[in-house]
Amino acid sequence: GAKLITGIRVDNLVQRDGKVVGVEADGDVIEAKTVILADGVNSILAEKLGMAKRVKPTDVAVGVKELIELPKSVIEDRFQLQGNQGAACLFAGSPTDGLMGGGFLYTNENTLSLGLVCGLHHLHDAKKSVPQMLEDFKQHPAIRPLISGGKLLAHSAHMVPEGGLAMVPQLVNEGVMIVGDAAGFCLNLGFTVRGMDLAIASAQAAATTVIAAKERADFSASSLAQYKRELEQSCVMRDMQHFRKIPALMENPRLFSQYPRMVAD
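Quick note on my numbering: the sequence shown kicks off at 3 and runs consecutively.
Printed below as a string of structure tokens:
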């Protein structure tokens with residue numbers, strides 16, 4: 003079986019003879035045959051192990067999101083939906099004042115998810131804060147009617163990997179693997195942003211590796227290297243490799259300023 007412990011921050015990794023053998027959380031030690039790091043793009047634990055470098059501003063973006071409640075019937079009417087249909091919209095240009103990034107709006111059953119993402123290294127050129135960008139985005143003529151009368155249920159912020167293949171760290175070491183955002187597995191393709199599917203696929207690859215390592219009774223780095231082979235055979239590394247030049251393309255300022263204005267005109 004498994005035990006899920008939530009709301010506890012892992013402070014350090016426990017190492018013995020050069021191998022990760024557990025975690026330390028609030029003074030308590032929990033030992034394990036393998037530790038899988040999934041602590042987000044700025045993985046402090048991976049840094050402490052020397053597996054990842056400190057994240058550079060050019061490699062990440064700041065995302066903010068609000069969850070807005072509306073009756074299901076209202077959402078279906080405003081977005082012209084039927085049954086279990088949903089809608090997802092992406093916006094470039096005005097949400098980030100022409101800086102690298104964009105806005106998003108998608109429907110849930112009785113809520114809307116509205117937010118935006120902006121490259122961290124562009125924020126020093128911004129004329130407004132990220133929260134103000136979101137407030138202005140909500141007042142945009144294309145957005146305001148869609149969220150009118152909604153009740154704010156929650157808001158959140160998240161650091162998003164943007165560096166592509168170049169920011170992927172060392173993925174395997176003695177007794178430890180890195181998955182998801184902590185591994186830099188995210189693809190901003192401009193018209194869509196992929197992170198959830200890559201996180202799930204990398205977690206599946208890590209789980210497959212742990213099962214095989216347990217059968218071999220070997221949790222060394224050479225045994226856990228199967229994880230990298232699993233990734234290479236999945237969509238994760240294939241797509242990260244295929245789209246490796248996209249981050250450089252996203253630095254073209256015309257994509258978020260001139261081109262959106264041309265389309266709008």
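C-beta: ideal position from N, C-alpha, C; glycine also.
Note that the structure is a prediction, hence the values are computed from the model and not measured.
Query	Result
Short Cβ contact (8 Å threshold) for His157 with Lys230	no
Runs of beta strand (DSSP E) lying entirely within the region 95-174, each at least 3 residues, in chain order	103-109, 113-121 and 153-163
Whether Leu107 touches Ile77 by CB criterion (8 Å)	no
Inter-stretch contact at 8 Å, needing at least 3 Cβ pairs: the region 158-175 / the region 44-64	yes
CA nearest to the CA of Phe193, picked from Glu26, Lys50 and Gly95	Gly95
Inter-residue spacing [alpha-carbon to alpha-carbon] between Ala185 and Ala219	25 Å
Cys91 versus Lys21 - alpha carbon distance	46 Å
Start and end residues, alpha helix (DSSP H) containing Lys55	Segment: none, Lys55 is in no alpha helix (DSSP H) and carries neither H nor E.
Test item: CB-CB of Val16 and Leu47 under 8 Å	no
CB-CB length for Met179 against Thr211, believed under 8 Å	7 Å
Integer-rounded CB distance, given that Ser225 should sit under 8 Å from Ala215	5 Å
Beta-carbon separation (whole angstroms), Leu136 vs Leu118, contact threshold 8 Å	6 Å
Buried versus exposed, by CB contacts within 10 Å (16 or more), Thr113	buried
Ser204 and Gly177 closer than 8 Å at C-beta	no
Contiguous beta strand (DSSP E) assignments of at least 3 residues, all confined to the region 38-90	62-71
C-alpha gap between Met169 and Ile32, whole angstroms	30 Å
Pro24 - partner residues in DSSP beta bridges	The sequence shown places Gly at residue 24, not Pro. Bridge partners of Gly24: Val16 and Glu33.
C-alpha distance - Met264 paired with Leu173, whole-angstrom precision	42 Å
Presumed contact (8 Å Cβ cut-off) between Pro171 and Ala250, rounded CB distance	At roughly 20 Å, the Cβ-Cβ gap does not stay under 8 Å, so Pro171 and Ala250 are not in contact.
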